[in-house]
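Trainee: Got a structure for you, written out below as structure tokens; questions coming shortly.
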Amino acid sequence: MLNVNLRKTVTSDNIELSTVVKKSSKRPKLKKYKPGTFDKYVAYGQRHRKLMLVSKGILNGFQVKCKSEKKANNLAHSFRTRRPKIENSKDGRYKLIIKQKENKIYVIKSHLLRKELKS
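So the number in the numbering used here is just where the residue sits in the sequence shown, counting from 1, plus 29.
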């Protein structure tokens, strides 16, 4: 089933035009990272940086696929230990949700932590 709608408009000359309008999907697209992207010596500062991008609202979220479930557990733990620091910082706007399913880790943004004050 296609995710499109037809929108019909009638011009002043009684000519019927139809345009295709694509419906937006409810799920945000997640950026996917390969195994080894967030390894200990490869990704100096990348874990914190990517979590901050999600918390600021720049990324909707991301998915990391690890080589084993044990490595996924360790990486999820490292994300969870960084989460409170990022959410409590002045730049963090969204609450982070970190889920793990087998050897995949999902980091997504949830709701606004605090309302912005207009100066």
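Cβ atoms here follow ideal geometry from the backbone N, Cα and C, with glycine treated the same way.
For the beta strand (DSSP E) containing valine 136, name the first residue and the last one.
Mentor: First-last of the beta strand (DSSP E) with valine 136: 133 to 141.
Trainee: Expressed to the nearest angstrom, what Euclidean distance is found between the alpha-carbon atoms of threonine 110 and lysine 100?
Mentor: Using only the alpha carbons, I get a separation of about 15 Å.
Trainee: To the nearest angstrom, how far is the alpha carbon of glutamine 129 from that of valine 136?
Mentor: Taking the straight line from one Cα to the other gives about 9 Å.
Trainee: Run through the DSSP bridge pairs and tell me what glycine 90 is partnered with.
Mentor: Bridge partners of glycine 90: Ile137.
Trainee: Does DSSP classify asparagine 102 as helix, strand or coil?
Mentor: In this structure, asparagine 102 counts as helix in the three-state DSSP scheme.
Trainee: With distance defined between alpha-carbon atoms, name the residue in Leu104, Glu98, Ser139, Lys138 nearest to glutamate 149.
Mentor: For residue 149 there is no data in the structure shown, the boundaries of the chain being 30 and 148.
Trainee: When burial is assigned at 16 or more other CB atoms within 10 Å of the CB, is arginine 78 buried or exposed?
Mentor: Exposed is the call here.
Trainee: Would DSSP call leucine 125 helix, strand or coil?
Mentor: DSSP places leucine 125 in strand when its eight states are reduced to three.
Trainee: For valine 136, decide whether its Cβ has a neighbour in chain D, counting only Cβ atoms nearer than 8 Å.
Mentor: Included in the structure is just one protein chain, with no chain D present.
Trainee: Can you give the Cα-Cα distance for arginine 112 and lysine 96, rounded to whole angstroms?
Mentor: Rounded to whole angstroms, arginine 112 to lysine 96 spans 23 Å at the Cα level.
Trainee: Quick one: what's got a C-beta closer than 8 Å to lysine 133's C-beta in the same chain, skipping five residues either side?
Mentor: For lysine 133, where only same-chain residues beyond five positions count, the Cβ hits under 8 Å are Gln92, Val93, Lys94, Cys95, Ala101.
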